[in-house]
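To start, the structure under review is shown below, and the notes come after it.
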Amino acid sequence: MKKIEAIIKPFKLDDVKKALNEINIEGMTITEVKGFGRQKGHSEFYRGAEYTVDFLPKIKIEVVTTEEMALKVVDAIMAAAKTGKIGDGKIFVSAVEDTVRIRTGERGKEAL
Amino acid sequence: MKKIEAIIKPFKLDDVKKALNEINIEGMTITEVKGFGRQKGHSEFYRGAEYTVDFLPKIKIEVVTTEEMALKVVDAIMAAAKTGKIGDGKIFVSAVEDTVRIRTGERGKEAL
Amino acid sequence: MKKIEAIIKPFKLDDVKKALNEINIEGMTITEVKGFGRQKGHSEFYRGAEYTVDFLPKIKIEVVTTEEMALKVVDAIMAAAKTGKIGDGKIFVSAVEDTVRIRTGERGKEAL
Amino acid sequence: MPKKILSMMLLYLFLPATVFAGTPAKVDSGDTAWVLVSAALVLLMTAPGLALFYSGMVRKKNVLGTIMQSFALLCIISIQWILWGYSVSFGPDKLGGLVGGLEWVGLKGVGLLPNPDYAATIPHQCFMVYQMMFAVITPALITGSFAERMKFSSFIVFSILWTTLVYDPIAHWVWATGGWLHDLGALDFAGGTVVHISSGVSALVAALVIGRRQGYMAETMAPHSLPLTLIGAGLLWFGWFGFNAGSALGANGLAVSAFVATNTAAAAAALSWSAVEWLHRGKPTILGLASGLVAGLVAVTPAAGFVGPISAMLLGAAAGVICYFSVSFMKPTLKYDDSLDAFGVHGVGGMWGAVATGLFASAAVNPAGANGLFFGGSALVGKQLIAIAASAAYSAVFTFILLKIIDAVMGLRVAQEDEVMGLDLSQHSESGYNM
Amino acid sequence: MPKKILSMMLLYLFLPATVFAGTPAKVDSGDTAWVLVSAALVLLMTAPGLALFYSGMVRKKNVLGTIMQSFALLCIISIQWILWGYSVSFGPDKLGGLVGGLEWVGLKGVGLLPNPDYAATIPHQCFMVYQMMFAVITPALITGSFAERMKFSSFIVFSILWTTLVYDPIAHWVWATGGWLHDLGALDFAGGTVVHISSGVSALVAALVIGRRQGYMAETMAPHSLPLTLIGAGLLWFGWFGFNAGSALGANGLAVSAFVATNTAAAAAALSWSAVEWLHRGKPTILGLASGLVAGLVAVTPAAGFVGPISAMLLGAAAGVICYFSVSFMKPTLKYDDSLDAFGVHGVGGMWGAVATGLFASAAVNPAGANGLFFGGSALVGKQLIAIAASAAYSAVFTFILLKIIDAVMGLRVAQEDEVMGLDLSQHSESGYNM
Amino acid sequence: MPKKILSMMLLYLFLPATVFAGTPAKVDSGDTAWVLVSAALVLLMTAPGLALFYSGMVRKKNVLGTIMQSFALLCIISIQWILWGYSVSFGPDKLGGLVGGLEWVGLKGVGLLPNPDYAATIPHQCFMVYQMMFAVITPALITGSFAERMKFSSFIVFSILWTTLVYDPIAHWVWATGGWLHDLGALDFAGGTVVHISSGVSALVAALVIGRRQGYMAETMAPHSLPLTLIGAGLLWFGWFGFNAGSALGANGLAVSAFVATNTAAAAAALSWSAVEWLHRGKPTILGLASGLVAGLVAVTPAAGFVGPISAMLLGAAAGVICYFSVSFMKPTLKYDDSLDAFGVHGVGGMWGAVATGLFASAAVNPAGANGLFFGGSALVGKQLIAIAASAAYSAVFTFILLKIIDAVMGLRVAQEDEVMGLDLSQHSESGYNM
Ligand SMILES: Nc1ncnc2c1ncn2[C@@H]1O[C@H](COP(=O)(O)OP(=O)(O)O)[C@@H](O)[C@H]1O
Ligand SMILES: Nc1ncnc2c1ncn2[C@@H]1O[C@H](COP(=O)(O)OP(=O)(O)O)[C@@H](O)[C@H]1O
Ligand SMILES: Nc1ncnc2c1ncn2[C@@H]1O[C@H](COP(=O)(O)OP(=O)(O)O)[C@@H](O)[C@H]1O
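Residue numbers (the working numbering), protein chains in the order written: chain A, 81 to 192; chain B, 81 to 192; chain C, 81 to 192; chain D, 9 to 443; chain E, 9 to 443; chain F, 9 to 443.
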């Protein structure tokens with residue numbers, strides 16, 4: 081099994097969710113994160129003080145899926161999350177050894 | 081070493097924490113996440129608009145532990161987090177190559 | 081490729097970011113998490129009730145990087161995040177199979 | 009012709025008989041200004057004051073459900089009061105001091121000239137609308153005890169019945185011309201008995217009948233946003249000047265005296281609660297300070313127009329200590345779940361205030377009052393105890409009966425999974441925060 | 009000598025001619041107290057009342073931009089009003105009832121003695137500053153329609169021009185001595201036409217000219233913090249007593265009557281909105297209740313000083329239902345993005361209120377008013393319809409022209425990526441929350 | 009018999025000698041209504057107004073600790089004032105204008121009849137309680153300078169001593185019958201010297217003695233919730249009408265004039281601050297607008313009852329610019345950590361206001377005042393400068409001594425790890441938000 085972690089721009093979440101549903105991915109977990117990268121941050125002013133904010137809001141999507149589906153998932157996210165502008169984000173793929181569904185105790189692919 | 085990631089219902093956190101402490105797991109990290117799965121979401125109404133909310137609040141628990149303990153941890157979480165209703169969540173197991181304790185520089189099992 | 085996940089004390093974030101930039105790490109993702117470990121929590125009082133809080137605020141930093149850089153990253157974080165007091169946190173290292181840059185479709189090291 | 013008849017009928021339906029506009033000679037503009045401001049201030053106490061004070065203390069998933077209860081009561085009781093509540097409370101006495109008659113239903117006869125029975129220098133409707141705000145806040149206080157678990161529909165039914173059957177009669181006993189506690193000589197300047205004892209005791213009964221929240225004393229139920237609670241506490245203090253000093257029904261020396269007593273008791277109680285907590289827990293909390301100030305405001309309510317500033321200080325300081333103990337020891341010992349301490353602060357504080365009025369009242373401050381025990385009057389304390397006992401017993405019994413009937417008919421409590429999900433989503437399909 | 013001349017010149021520049029301090033015989037202290045309090049209350053409605061009501065409903069990234077619009081208007085119109093706005097609105101009539109002259113520019117001649125044309129018992133400046141607060145809140149109401157997407161600089165230019173060219177003349181028509189709608193006999197006690205119809209209709213035009221938000225009807229645009237909105241709703245209710253009962257310009261029977269009507273209509277509308285929603289959606293929401301109460305307050309505004317409590321109840325109940333439908337059916341059907349329902353609540357509610365004044369007004373409540381249709385007066389409704397049509401048409405046309413010109417000159421809308429980023433960062437370089 | 013003696017003794021202990029209820033002939037109900045409302049408004053400024061204004065600007069971990077300081081002061085100074093503060097400030101003059109005697113300790117002799125020395129138409133206790141609210145807010149203003157790092161216990165000790173030894177005497181100098189600055193003819197309508205200069209200068213000294221926050225100028229210390237700050241700013245503006253227009257001590261032309269001046273200066277300063285910021289930074293911020301409006305309110309405070317609207321506009325516009333520079337240039341250059349700009353806004357704004365009173369005051373507005381430089385009076389500015397110098401020097405010296413003593417005895421600052429953890433947990437064992 082593979083875990084696909086994608087860091088995307090927050091306003092792309094709906095599109096990505098739809099793209100994943102279209103390829104029958106029906107489970108995912110998302111987290112609000114902050115990203116630092118090439119995308120420039122911005123300045124904020126509070127009275128005398130100027131602060132540079134370079135951690136920008138991003139959404140992390142995690143999908144655990146079968147090896148076969150993994151590539152499709154990556155492609156689907158890529159297509160849906162792309163704006164072409166700096167800061168679109170990254171996708172990381174890694175191995176997952178086992179999955180368990182808490183409700184039933186099913187393991188492996190059954191549990192996805 | 082293994083990393084056990086469990087996505088659970090938020091109100092089960094206390095039970096899971098207790099179950100883990102009972103098997104002498106004394107370190108863990110939790111994150112507020114949102115999950116999409118088979119569990120049905122709900123509708124919200126704001127004046128004229130109806131929004132369907134299908135990302136539901138979940139807690140992600142991460143425990144890094146030894147291979148030997150990994151199974152015990154999975155079982156403990158499963159037992160404590162189960163309600164038997166859809167949406168109880170998933171447990172994912174993956175490999176961790178190394179662990180470091182920042183305070184002391186200890187590595188590997190020592191660092192857990 | 082390696083993924084380095086570090087759980088650190090929140091007020092050390094700026095130092096860690098600087099340390100990483102110094103070794104030319106220019107991408108990272110951070111998440112607000114809560115940690116349970118040896119570090120003692122505290123009590124809070126709300127009228128008649130006393131609650132023990134033992135999940136403490138921490139920051140999780142995730143950096144995906146090349147095998148060569150991985151050790152440097154670990155060392156940089158360790159040096160920057162250390163206070164020497166309990167609760168300084170952990171660093172976990174694991175394997176990442178692939179990375180994709182959404183904007184360009186680049187894969188592998190190019191995408192970092 | 010038919011048109012004229014129709015309009016006459018409508019006139020009869022829509023208008024109180026004696027409504028005449030303009031300012032009759034006897035209306036004093038300064039007094040009217042003060043009582044109008046006071047009415048607005050008491051409204052502010054309920055919404056958003058109490059709504060915020062309470063909603064900051066609940067868990068995030070119940071923030072809207074909690075605010076909703078106060079706002080809904082403001083709307084519902086505003087209508088109830090005009091249709092029948094004012095008449096049942098202040099209408100011509102029936103049954104020898106027990107209840108008001110229905111002569112003033114729909115505000116018939118309640119016009120813009122003063123009614124000297126109640127207030128000689130302001131329009132009768134001004135008195136009516138000022139009293140309305142008291143009828144609004146009283147059931148809202150109860151909501152603290154069953155917070156986070158009551159069905160919204162049952163809550164509405166309960167509130168209308170409770171206001172009509174419990175609040176309105178007790179208001180009549182104490183404040184109406186001919187009310188039996190009024191004639192007995194029990195003193196309640198601004199509502200210690202009528203507002204705080206009635207709501208506080210009913211709150212205890214409600215907490216017992218409805219039962220504890222799931223996870224009570226096991227899970228953390230820490231306040232989700234103390235800044236909200238503190239905004240509420242500030243607005244309550246501010247609004248309470250309308251509540252207490254407004255009860256002088258004019259901008260005169262008595263109002264000033266009540267204003268000073270109110271402020272002093274609130275401050276003293278906040279400090280005494282904090283001091284006891286500092287000794288007991290090692291640190292003073294801001295929720296403690298806020299709870300203490302409310303306890304002081306509650307306790308001084310019946311006494312405000314009868315005591316001098318130093319008496320108010322002593323009375324308030326005692327209130328902070330007494331309510332601290334009721335909340336920190338009595339409640340955990342007896343294990344009832346009075347979630348936001350409606351009984352612990354309003355019930356206990358209200359009873360202490362009623363007793364304290366019997367101790368600290370001084371005819372030198374208000375000749376229309378009486379001397380309390382410390383000022384040589386021995387009769388007053390007894391009357392105060394009768395008023396406490398009567399209103400507490402009546403509230404307890406009727407609240408119990410009402411809740412049992414409603415429980416049988418439609419259920420009091422939300423379903424178990426709805427309680428886990430929270431009132432905001434389960435009762436109102438909304439989330440407090442979408443951040 | 010030159011120094012004396014300089015000081016004389018400065019005196020002339022800086023001071024209204026007839027300013028004299030102290031309390032002239034005719035000033036009534038109670039009336040003055042009430043109108044000063046009312047002016048402060050109406051200020052509170054705008055900032056922070058309306059600012060919070062609106063800002064809780066937008067997305068987190070626009071919270072400051074939304075609050076900023078109300079606060080900026082408070083500052084800008086406060087200055088505009090003193091420099092020329094009051095004169096254009098209430099100055100000596102010009103053009104046969106269309107506009108005020110410039111005689112009172114810079115408050116020249118607007119002193120501390122009463123001006124009996126407007127209010128015989130309070131200083132003229134007291135009337136001026138009370139009216140100022142109305143001029144402040146009116147453009148602030150419009151901001152709900154173009155929330156989350158308007159350029160701050162363009163917003164400022166629009167607001168100054170709109171207030172001068174739309175609000176000030178309409179205020180003159182309706183309230184100034186010699187204003188043509190005033191002389192026609194159209195009734196508008198506290199600003200149904202002047203405030204709510206003018207702002208509501210302009211809001212609709214603005215929503216259409218500026219266009220929908222990106223992602224409208226596709227993305228979730230749920231309110232980011234309903235507790236903020238509810239604090240705002242509570243402050244609006246509280247402040248509206250100043251708005252409506254203050255419009256009696258004294259602490260008298262009329263003020264009391266308006267106070268009671270205001271409270272009653274708000275309560276009835278909140279309940280009727282909630283009831284319809286409960287039937288339609290299966291649950292009552294707190295945003296619904298809050299919207300309903302504002303709808304009731306809007307609708308009773310023109311009527312407050314002319315109707316009794318039961319009329320206010322009926323008028324309010326209808327307002328809740330009518331505005332519910334405008335917001336829940338009309339808007340989604342016609343697909344315009346009146347983001348926070350400035351038209352749906354203020355425009356529609358204001359028109360209903362103006363019509364309802366023609367139905368429910370009763371000379372028995374206020375002899376200075378007239379009888380509406382239900383009380384045997386057949387002429388009033390027609391006059392009300394003329395007032396509605398004139399103010400709506402005038403507002404629509406001028407708002408359209410103004411917006412088109414500003415769009416051509418400097419653009420109305422923020423850049424696309426700025427809209428995605430939010431107004432807080434793009435217009436003000438600040439974040440609402442740093443938690 | 010013994011009982012009667014006891015009650016007499018208690019009477020003597022608990023009651024001011026001349027307390028008599030009812031409305032004596034000379035009390036004016038309109039004036040009393042206005043001053044009571046004003047007292048309530050000034051209370052609202054401190055809690056929750058200032059508490060929110062300040063607490064929104066600190067980091068999340070200090071939100072409660074910051075709110076707590078304002079609330080605790082409200083309680084503590086309310087008691088201090090009754091026990092001895094009012095007597096030290098306004099009691100019979102001692103030492104030739106330097107301080108009040110202890111004759112009025114415990115409000116002995118401060119009753120419900122007017123004291124014509126201070127206010128001829130309202131009860132003496134009404135004046136007393138109105139003045140109490142000024143004594144409450146003044147030390148609360150200082151808390152902005154040492155926010156996020158002061159020990160709570162030391163803060164309390166400091167505040168009681170500071171109010172007694174600094175505020176009370178300065179209030180006596182300026183406002184008491186016989187006070188030396190009063191007799192000198194220095195003008196301070198509502199507290200520019202007494203409230204803002206004294207607190208602002210003390211704030212600077214406190215910032216210097218306590219030292220900078222850990223991480224100052226290195227870490228981000230962005231406001232955690234600007235919506236809280238904006239609610240506070242709105243309540244401050246609203247409450248300031250009580251502060252300034254209430255200082256007329258009646259609902260008369262002077263109150264109206266002060267009301268208009270207050271509103272105008274606030275608006276002008278908010279706009280000028282925003283304009284300068286727009287030029288300097290490229291964008292106007294809402295925290296800037298809010299800071300500007302407070303600067304305007306501060307600056308107009310001493311002048312409110314002596315200047316016309318156009319003067320107020322100029323005075324306010326200058327205040328916005330001056331305070332912007334003090335906050336944006338002076339503070340970063342000199343590198344002191346006046347965390348929430350208590351000196352930058354209140355100290356600097358207060359001094360400008362006191363000078364501006366010497367420039368813009370006009371006897372045509374208030375015959376009880378004097379003509380400032382621009383109106384032909386050359387003497388006033390000098391007196392104003394003496395008042396500024398005296399109060400600033402006295403405040404600075406005594407604040408320095410007090411802080412040094414407290415530091416030696418019990419420490420001023422929380423431990424290093426407590427500062428990192430935040431005041432909420434370390435001082436009060438509570439969290440502001442549990443979301
Ligand atoms: N090496 C990395 N490890 C973890 N996260 C990364 C890494 N590089 C980038 N990211 C994440 O991806 C986001 C986008 O990266 P950025 O360099 O801004 O633009 P782009 O995706 O176009 O290359 C960052 O905000 C960060 O969250
Ligand atoms: N393939 C997946 N990858 C990542 N997270 C998942 C996946 N499937 C489910 N989840 C997480 O598990 C939660 C529960 O899944 P759900 O399908 O609702 O019920 P159940 O656990 O009973 O099968 C989801 O809300 C989501 O957070
Ligand atoms: N086995 C573990 N798995 C995941 N996270 C852990 C584990 N052990 C510790 N942590 C994280 O590291 C943080 C610090 O650990 P703690 O035991 O308090 O101190 P130290 O890092 O000094 O050993 C914890 O708060 C938790 O977030």
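Beta carbons: idealized from backbone N, C-alpha and C, even for Gly.
Counted within 10 angstroms of its Cβ, other Cβ atoms place D/Phe337 as buried (16 or more) or exposed | By one-based count along the fourth sequence, residue 337 of chain D stands at place 329. With fewer than 16 Cβ atoms within 10 Å of its Cβ, D/Phe337 is classed as exposed.
Using a C-beta cutoff of 8 Å, does C/Phe125 count as contacting chain F?
-> By one-based count along the third sequence, residue 125 of chain C stands at place 45. Yes - at least one Cβ of chain F is within 8 Å of the one on C/Phe125.
Secondary structure of F/Glu156, DSSP reduced to three states | What you label residue 156 of chain F is simply residue 148 of the sixth sequence in a count that begins at 1. F/Glu156 falls in the coil class under three-state DSSP.
Three-state class that DSSP yields for D/Tyr94 in the structure shown | Here the question's residue 94 of chain D lines up with position 86 in the fourth sequence. Three-state DSSP puts D/Tyr94 in a helix.
In angstroms with no decimal places, state the Cα-to-Cα distance between D/Cys8 and F/Met140.
-> Lying before the first or after the last residue shown, residue 8 of chain D is absent from chain D, which here runs from 9 to 443.
Is A/Leu93 helix, strand or coil when you go by DSSP?
-> Your numbering for residue 93 of chain A matches position 13 in the first sequence. Note: A/Leu93 maps to helix in three-state DSSP.
Does the separation of the CB atoms of D/Leu72 and D/Asp432 fall below 8 Å?
-> Stepping through the fourth sequence from its first residue, residue 72 of chain D is reached at position 64. Stepping through the fourth sequence from its first residue, residue 432 of chain D is reached at position 424. With contacts defined as CB atoms closer than 8 Å, D/Leu72 and D/Asp432 qualify as a contacting pair.
Could you name the residues that DSSP lists as bridge partners for B/Lys170?
-> Locating residue 170 of chain B in the second sequence gives position 90, where the first residue counts as 1. Looking at the DSSP assignment, B/Lys170 forms a beta bridge with A/Arg181.
Should F/Leu52 be listed as close to ligand 2, given that the test is whether its C-beta is under 7 Å from any heavy atom?
-> As a working mapping, residue 52 of chain F is identified with position 44 in the sixth sequence. Answer for F/Leu52: no, Cβ out of range of ligand 2.
How long is the line joining the alpha carbons of F/Asn64 and F/Met225, rounded to whole angstroms?
-> Within the sixth sequence, the letter at position 56 stands for residue 64 of chain F. Within the sixth sequence, the letter at position 217 stands for residue 225 of chain F. According to the sequence shown, residue 64 of chain F is Gly rather than Asn. Cα to Cα, the separation comes out at about 19 Å.
Of all Cβ atoms in chain H, is any one closer than 8 Å to the Cβ of F/Gly390?
-> Absent from the structure: chain H. Protein chains present are A, B, C, D, E and F.
By a C-beta neighbour count over all protein chains shown, 10 Å radius and 16 as the cutoff for buried, is E/Ser206 buried or exposed?
-> Stepping through the fifth sequence from its first residue, residue 206 of chain E is reached at position 198. It is buried - the Cβ of E/Ser206 has at least 16 other Cβ atoms within 10 Å.
What are the boundary residues of the alpha helix (DSSP H) that includes D/Ile394?
-> As a position in the fourth sequence, residue 394 of chain D is number 386, starting the count at 1. 387 to 418 is the extent of the alpha helix (DSSP H) around D/Ile394.
Compute the minimum distance between the beta carbon of A/Met108 and the heavy atoms of ligand 2, and state whether it is under 7 Å.
-> In the first sequence, residue 108 of chain A corresponds to position 28, counting from 1. Flag set: Cβ of A/Met108 near ligand 2.
Taking DSSP as the reference, what is the three-state secondary structure of F/Tyr441?
-> Here the question's residue 441 of chain F lines up with position 433 in the sixth sequence. Strand at F/Tyr441.
Do B/Val176 and C/Ile171 have their C-beta atoms closer together than 8 Å?
-> Locating residue 176 of chain B in the second sequence gives position 96, where the first residue counts as 1. Locating residue 171 of chain C in the third sequence gives position 91, where the first residue counts as 1. Contact: no.
What in chain F is Cβ-close to C/Phe91, meaning under 7 Å?
-> The sequence position of residue 91 of chain C within the third sequence is 11, counting from 1. Those are Val428, listed as they occur along chain F.
Is the Cβ of F/Leu51 closer than 8 Å to any Cβ of chain D?
-> Taking the first residue of the sixth sequence as position 1, residue 51 of chain F is located at position 43. For F/Leu51, at least one C-beta of chain D is nearer than 8 Å to its own C-beta.
Nonlocal neighbours in the same chain, by C-beta distance under 7 Å from E/Ala278, ignoring five residues either side | The residue you call residue 278 of chain E lines up with position 270 of the fifth sequence. Contacts found: Leu297, Gly300, Leu301, Gly304, Gly328.
Within-8 Å CB hit, E/Glu438 to chain F = Locating residue 438 of chain E in the fifth sequence gives position 430, counting from the first residue. Taking Cβ atoms only, chain F reaches closer than 8 Å to E/Glu438, which makes this a yes.
Give the secondary structure of C/Thr146 by DSSP, where H, G and I count as helix, E and B as strand, and everything else as coil.
-> Residue numbering aside, residue 146 of chain C sits at position 66 when the third sequence is read from its first letter. The answer is coil: DSSP assigns C/Thr146 none of H, G, I, E or B.
Taking only the alpha-carbon atoms, compute the straight-line gap between D/Gly109 and E/Ser210 and give it to the nearest angstrom.
-> The residue labelled residue 109 of chain D in the question sits at position 101 within the fourth sequence. The residue labelled residue 210 of chain E in the question sits at position 202 within the fifth sequence. Straight-line Cα distance between these residues: approximately 50 Å.
Please decide whether D/Leu433 counts as near chain B, where near means a Cβ-Cβ distance under 8 Å.
-> In the fourth sequence, residue 433 of chain D corresponds to position 425, counting from 1. For D/Leu433, the nearest CB of chain B lies under 8 Å from its own CB, placing it at the interface with that chain.
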